[in-house]
Amino acid sequence: MNAPEVLENVSAFSFRKASSACLRDPVLRQAVRKATDLLGLKRSQGLERVPWETWREKASEIRSYTVDHLSQLVDAFAVSATSAGAVVYRAENAEDACSAVYHILKDREASRVVKAKSMITEEIGLNHYLKDRGINVVETDLGEFIIQLAGERPSHILGPAIHKTRTQVGRLFEEELGVPFCDDPERLTRIARVKLREVFLAAHAGITGANFALADTGSLMLFTNEGNGRMVTTLPPLHVAVLSVEKILPSISNAPLLANLLPRSATGQPLSSYLSVITGKRRPGDATGPTELHIVLLDNGRSRIAKGHFKSILKCIRCSACLNVCPVYAAVGGHAYGSVYSGPMGIILTVLLKGMQDFHSILDACTLCGACSEVCPVKVPLKEMISDLRQIRIEQGFTPLAESASMKGIGLTTGSSTPYRVARKALPHLWPLLTSVLKGNRLDRLPTPRKQ
355 MNAPEVLENV SAFSFRKASS ACLRDPVLRQ AVRKATDLLG LKRSQGLERV PWETWREKAS
415 EIRSYTVDHL SQLVDAFAVS ATSAGAVVYR AENAEDACSA VYHILKDREA SRVVKAKSMI
475 TEEIGLNHYL KDRGINVVET DLGEFIIQLA GERPSHILGP AIHKTRTQVG RLFEEELGVP
535 FCDDPERLTR IARVKLREVF LAAHAGITGA NFALADTGSL MLFTNEGNGR MVTTLPPLHV
595 AVLSVEKILP SISNAPLLAN LLPRSATGQP LSSYLSVITG KRRPGDATGP TELHIVLLDN
655 GRSRIAKGHF KSILKCIRCS ACLNVCPVYA AVGGHAYGSV YSGPMGIILT VLLKGMQDFH
715 SILDACTLCG ACSEVCPVKV PLKEMISDLR QIRIEQGFTP LAESASMKGI GLTTGSSTPY
775 RVARKALPHL WPLLTSVLKG NRLDRLPTPR KQ
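Okay, here's the thing in structure tokens:
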């Protein structure tokens with residue numbers, strides 16, 4: 355199997371430290387558990403009386419075709435989108451994509467920008483890049499708007515602010531927007547709507563991602579539930595879309611299945627509240643739409659991944675079903691992963707995109723229970739891929755010394771009956787000594803071994 359890239363940064367992320375901080379926050383844990391339980395319940399209800407396994411199999415085939423024909427589909431989409439009136443850019447990495455977006459905005463003196471929810475722009479740090487160069491970007495998805503005010507990263511790929519309680523949001527709005535405190539969700543939503551309506555009307559440009567793109571028509575598909583996506587793509591005169599190359603579907607004939615599958619798997623809805631299919635810029639006779647449409651196709655390691663053992667992760671449609679059934683995610687939330695992507699799919703993507711050296715510890719954020727693989731709508735073998743990455747971690751020498759030593763000790767002890775019997779008899783007598791030497795360690799919380 356192909357090993358993930360090994361980078362040269364000196365400080366590796368520690369999942370243990372990050373998760374420990376999250377575990378000490380009972381408010382966060384309760385909020386995350388409540389949200390993921392609700393999403394999981396809605397998903398189960400949404401899949402009743404539909405041919406789920408048939409849909410999964412077909413969707414998996416469609417997404418596998420994309421991964422296996424990535425280069426050809428990127429070329430086909432670029433031709434189709436250009437023919438429809440869009441301007442298409444190819445970006446090899448995050449810097450290329452951010453630079454392309456910046457120059458599009460700068461050349462048109464677009465300093466006020468509204469943005470719809472987009473994980474790929476989070477991946478490349480687009481907001482910070484533009485802010486450092488004098489361009490103000492306002493998130494318009496309610497969850498993204500909340501965490502932007504809080505100065506935080508999204509904690510969930512579907513619900514960016516699920517770790518926030520309504521009381522915390524009320525205090526945040528009071529501090530940042532200067533409004534009286536309230537913790538009523540409807541009133542808080544109205545406050546955000548009034549604020550964002552002003553921003554929409556003054557915007558020079560709108561930035562979006564795309565849930566899917568269609569190779570044969572050059573169209574972009576956007577799924578939203580709040581209507582902000584429509585505002586971002588129709589009110590400003592300039593629309594810039596950033597999408598990673600694996601979002602491309604071969605044909606518009608594939609769209610109906612994915613349009614049914616994605617919202618059901620994400621929130622249990624038969625269809626999302628708003629489904630926008632955008633093909634080119636505004637044409638004569640169109641009532642709405644931007645006068646310019648620019649599309650940035652970002653690779654950022656996808657072509658490399660598509661050639662290796664872990665290529666199936668590129669089938670992921672970002673529905674978040676795997677996060678919502680993951681016991682580790684439910685316990686610690688998304689910020690414990692130290693990455694834009696969290697949960698099972700985030701573990702794999704982060705290691706593959708950012709390197710084993712820096713992020714090997716998030717491979718511990720998995721019990722290998724397999725629930726993620728069972729709910730994935732496109733049959734990504736998440737559990738198996740995490741297990742394979744753990745094997746690579748061992749081969750590359752990133753397993754902690756204590757863990758390696760303990761595993762070798764267990765192997766020696768259990769490899770034959772004699773050392774196992776000796777250890778079993780000796781442990782009750784050695785236990786008091788071990789716990790006194792390692793006092794304060796979690797070892798002293800374990801029950802005392804029984805004498806045989």
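In terms of our numbering, the sequence shown opens at residue 355 and continues consecutively. Glycine residues also receive a C-beta, built at the ideal position from the N, C-alpha and C atoms. In this text the structure is predicted, and so the values were computed from the model without any measurement.
Cα-Cα separation, residue i to residue j
i, j, result
"residue 422", "residue 410", "18 Å"
"residue 388", "residue 623", "19 Å"
"residue 544", "residue 390", "25 Å"
"residue 500", "residue 515", "7 Å"
"residue 713", "residue 656", "18 Å"
"residue 645", "residue 632", "13 Å"
"residue 397", "residue 442", "36 Å"
"residue 489", "residue 464", "8 Å"
"residue 493", "residue 786", "57 Å"
"residue 428", "residue 573", "13 Å"
"residue 358", "residue 707", "In this prediction, residue 358 scores a pLDDT of 48, lower than 50, which makes its location untrustworthy; no coordinate-derived value is stated."
"residue 472", "residue 497", "12 Å"
"residue 611", "residue 778", "57 Å"
"residue 375", "residue 399", "34 Å"
"residue 491", "residue 550", "12 Å"
"residue 661", "residue 425", "11 Å"
"residue 601", "residue 699", "15 Å"
"residue 696", "residue 385", "16 Å"
"residue 566", "residue 416", "12 Å"
DSSP-derived helix/strand/coil call for residue i
i, result
"residue 691", "helix"
"residue 602", "strand"
"residue 490", "strand"
"residue 568", "strand"
"residue 560", "strand"
"residue 632", "strand"
"residue 807", "Nothing about residue 807 can be read from this structure; the chain reaches only from 355 to 806."
"residue 434", "helix"
"residue 360", "Residue confidence is low: residue 360 scores 38 on pLDDT, short of 50, so the model does not pin down where it sits. Its coordinate-derived value is still stated next. If DSSP states are grouped into helix, strand and coil, residue 360 belongs with coil."
"residue 618", "helix"
"residue 403", "coil"
"residue 529", "helix"
"residue 302", "With the chain covering only 355 through 806, there is no way to say anything about residue 302."
"residue 472", "coil"
"residue 444", "strand"
"residue 511", "coil"
"residue 595", "strand"
"residue 646", "strand"
Residue i at chain C interface by Cβ criterion, 9 Å
i, result
"residue 621", "Absent from the structure: chain C. Only one protein chain is present."
Outcome for residue i when other beta-carbon atoms lying within 10 angstroms are tallied against a minimum of 16
i, result
"residue 783", "exposed"
"residue 404", "exposed"
"residue 363", "The predicted position of residue 363 is uncertain, since its pLDDT is 39 and thus under 50; no value can be drawn from it."
"residue 502", "buried"
"residue 548", "exposed"
"residue 776", "exposed"
"residue 395", "exposed"
"residue 692", "buried"
"residue 437", "exposed"
"residue 556", "exposed"
"residue 509", "buried"
"residue 538", "exposed"
"residue 625", "exposed"
"residue 511", "buried"
"residue 587", "buried"
"residue 380", "exposed"
Own chain, CB closer than 8 Å to residue i, minus 5 neighbours either side, in chain order
i, result
"residue 360", "With a pLDDT of only 38 at residue 360, under 50, the local geometry of the prediction cannot be trusted, and no value is derived from it."
"residue 479", "448, 452"
"residue 722", "737, 740, 741"
"residue 456", "483, 484, 487, 489"
"residue 533", "527, 545"
Whole-angstrom C-beta distance between residue j and residue i, which should lie under 8 Å
i, j, result
"residue 603", "residue 564", "Rounded, the Cβ-Cβ distance is 11 Å, inconsistent with contact."
"residue 446", "residue 640", "Rounded, the Cβ-Cβ distance is 33 Å, inconsistent with contact."
"residue 369", "residue 746", "Incorrect: roughly 17 Å between the Cβ atoms, too far for contact."
"residue 575", "residue 554", "Contact doesn't hold; Cβ gap of about 22 Å is too wide."
Contacts around residue i, its chain only, beta-carbon distance under 7 Å, and the 5 residues preceding and following it disregarded
i, result
"residue 619", "397, 673, 675, 731"
"residue 474", "563, 596, 597, 598, 652"
"residue 682", "719, 720, 721"
"residue 513", "389, 497"
"residue 590", "468, 557, 558, 559, 560, 644"
Own chain, CB closer than 6 Å to residue i, minus 5 neighbours either side, in chain order
i, result
"residue 739", "664, 702"
"residue 372", "690, 692"
"residue 578", "628"
"residue 615", "409, 413, 731"
Near the ligand FMN: residue i beta-carbon under 8 Å from a heavy atom
i, result
"residue 627", "Only the bare structure without any ligand can be found here, which leaves the ligand FMN out of the picture."
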